[in-house]
Every structure is written in structure tokens, then in C-alpha cells.
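A short write-up of the structure that comes next.
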Amino acid sequence: MNQTNLLKRYLFIFYSNFINKSNKSKAIFYHDVHKNDKYTNMSTSINLFLKHIEIIVKNNFKVVSNINNETNQIEISFDDGFQGIYDNIERISNIPIQIFFTTSHLNKKNYLSKDQLIDLNLNDKILISSHSNTHVDLTMISKSNVEFELKKSKDILENITNKEVKSLCFPYGRFNNNIIEIAKNIGYNKIYASIPGYYYYPTFKDIINRSLVQFANGNEFKAIINGGDHILKEWYKFKHYSKF
657 MNQTNLLKRY LFIFYSNFIN KSNKSKAIFY HDVHKNDKYT NMSTSINLFL KHIEIIVKNN
717 FKVVSNINNE TNQIEISFDD GFQGIYDNIE RISNIPIQIF FTTSHLNKKN YLSKDQLIDL
777 NLNDKILISS HSNTHVDLTM ISKSNVEFEL KKSKDILENI TNKEVKSLCF PYGRFNNNII
837 EIAKNIGYNK IYASIPGYYY YPTFKDIINR SLVQFANGNE FKAIINGGDH ILKEWYKFKH
897 YSKF
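Structure, rendered in C-alpha cells:
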């Protein structure tokens, strides 16, 4: 582990244990899980993921499909749509998760296939949502191309799932005010960023905070669900948000 990541972990733990410990509800996210085959370097071992679930329960939180209480609830999502989710579904099928899928990845190596998405969609604890069409940085393309990216993804996923797709998370976590308005006009009413914070205390209007936890060890994960990563909120805002 490099010194920067080690320092971040100590900051999280100190901040949550002594300054900002909270049981407020929040969203957390991963990219994939693996036992043997790893489809991305962003993947979390299935044992670590299940350890995280144990920590959630021990700290009086509950994993839910949709947060509807200000305290003690956790939403879990996976970005991109890697195949490890399907490979390990027997281990996680009883855990509510949301998969933010990049539709141009459909049927490609390392990613979920159409048949796998259809199968996952049969599980009422799994929600299939949009991560754009091509995983482009939306802040770097025209408004018309943003609209195309978000609408095409929505249309493809609705055709596969036979459900209305209302949730979106931004590729690379990057967004601006124009992108928010375009997404809302297309029909997304739950829009997720990658900025740490509590669910009912948005950093930006109409945008849901999320905390990245995929490599967190036990102590760090406990600190994050208690709000320890909020100390880095301004850094994440600077990295991910531009006004226009």
C-alpha cells in the first residue's frame, strides 16, 4: 500500500471515530466481485465483500434496495457491469444491489451478456440502471451527444428488462449542471455521483452522494459507513464537478 492510501485510511478512521461518527443512511459502491477469475483490477474479493456486509449488520445498518429512512440504511451499487457479479450471484443473491451498466459493453469480454442481464433482472433484489452508453466523460462532449448517450442507454436497458430505468450514475463520476438537467429531462429521477456524503444531505441538488469502498479493509470500511470519508468531500467535488 502506498503512503497516500495509508494516510487516507488513517484519516478516515480518525475522522469517523473522534469527529464525525454517524449512523445516517448512505450509498456505497464497487465495480465487481471475484473468487478466482478477476475481470477488472477494480474488483473486490468475494470474501472481502461479504466481510463488508457483516460489518454493515454489526453496526446496525441494513442493506436496502431504496433508502427510505434517514438513518441506518445502506444502498449498494456496482458500476460498469462486469461479469464477476454473475459468476458469484449464488453468494450475493439475497443482498439488494443496483448494477449501473454501460450498454456498449453488452456481450463484450469481461462484461455481462444480454442473457445474463435478463437472468439477473429476474431477481427482485437486483436493479439494472444506466451508466451511459459508452462510458464517455460526459463533461467533454456536446449537449446533444450527452442526450444521445443517456437516452440510448435508457432505451436499451428498458428493452432488456421490460422495466422503466430511472436511475443513472455518471461515468468517471464527472458531471455539470447541463448534464443534470439533460438527465432529468430524459426521465432519470435518481442520479448518483461519486462524492462521499449522506443520502439525505446532497452535496448538489438532486444528486445522490456515494462512497467508493471496493478496496477498504475492515477498519476503513467501518469508518466510511460512519462518515469517515467525508473529510475528502471537497477534493472529490473539485475532481468530479464543473459548473458548465
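In the numbering used here, each residue carries its 1-based index in the sequence shown increased by 656. We put the beta carbon where it would ideally sit given N, CA and C, even for glycine.
CB-CB under 6 angstroms to residue i, same chain, minus the five flanking residues each way: which ones, in chain order?
i, result
"Glu731", "Ala683, Ile723"
"Ser809", "Thr759, Ser786, Ser788, Asn789"
"Lys677", "Asn882"
"Ser823", "Ser785, Lys846"
"Tyr854", "Lys680, Lys682"
Just how far apart, CA to CA, sit residue i and residue j?
i, j, result
"Asn789", "Ile797", "13 angstroms"
"Glu710", "His886", "22 angstroms"
"Asn715", "Ile881", "9 angstroms"
"Lys895", "Tyr742", "31 angstroms"
"Tyr856", "Tyr767", "32 angstroms"
"Gln870", "Leu783", "19 angstroms"
"Ser760", "Tyr848", "20 angstroms"
"Asn865", "Asp771", "31 angstroms"
"Ala872", "Gly884", "12 angstroms"
"Ser721", "Asn692", "27 angstroms"
"Ile753", "Gly737", "12 angstroms"
"Cys825", "Ile863", "9 angstroms"
"Leu776", "Leu794", "28 angstroms"
"Arg597", "Asp811", "A question about residue 597 goes unanswered here, because the residues of the chain that appear run from 657 up to 900."
"Leu663", "Val792", "31 angstroms"
"Glu876", "Leu762", "33 angstroms"
"Ser699", "Lys764", "17 angstroms"
"Leu773", "Gly740", "12 angstroms"
"Asn832", "Ser898", "5 angstroms"
Hey, out of the options, whose CA is closest to residue i's CA?
i, options, result
"Glu746", "Val689, Leu868, Asp735, Lys895", "Val689"
"Lys878", "Lys707, Ala849, Gln739", "Lys707"
"Tyr686", "Ser733, Phe756, Leu776, Gly737", "Ser733"
"Phe860", "Asp693, Asn875, Asn873, Glu837", "Glu837"
"Asp780", "Phe826, Ser749, Asn763", "Ser749"
"Ser681", "Tyr897, Gly829, Asn728", "Asn728"
"Asp735", "Leu868, Gly874, Lys893", "Leu868"
"Ile842", "Leu778, Asn801, Ile851", "Asn801"
"Val713", "Gly740, Ser898, Asn679, Asp862", "Asn679"
"Phe756", "Ile835, Tyr828, Phe804, Lys899", "Tyr828"
"Lys840", "Leu806, Asn763, Gly853, Lys718", "Leu806"
"Ile751", "Tyr897, Lys718, Ile774, Asn763", "Lys718"
"Ser850", "Gly740, Trp891, Gln739", "Trp891"
Residue i lies in the alpha helix (DSSP H); which residues open and close that run?
i, result
"Leu776", "770-777"
"His896", "889-896"
"Val821", "Here Val821 belongs to no alpha helix (DSSP H), and DSSP marks it neither H nor E."
"Ile847", "From DSSP, Ile847 is part of no alpha helix (DSSP H) but of the beta strand (DSSP E) over 846-848."
"Ile732", "Run containing Ile732: none in the alpha helix (DSSP H); it sits in the beta strand (DSSP E), 729-736."
I'd like the span of the beta strand (DSSP E) that includes residue i, first residue to last.
i, result
"Leu783", "782-786"
"His690", "688-690"
Suppose the cutoff is 8 angstroms on Cβ atoms and the five residues either side in sequence are ignored; what does the same chain contact list for residue i look like?
i, result
"Asn834", "Lys799, Val802, Phe900"
"Lys893", "Ile851, Thr859"
"Lys889", "Ile851, Pro852, Gly853, Thr859"
Tell me which residues share the same chain as residue i and place their Cβ nearer than 7 angstroms to its Cβ, disregarding the 5 neighbours each side in the sequence.
i, result
"Gly874", "Lys707, Ile711"
Indicate whether the contact test is met: 3 or more Cβ pairs, each with one atom in the stretch 689-704 and one in the stretch 805-820, closer than 8 angstroms.
no
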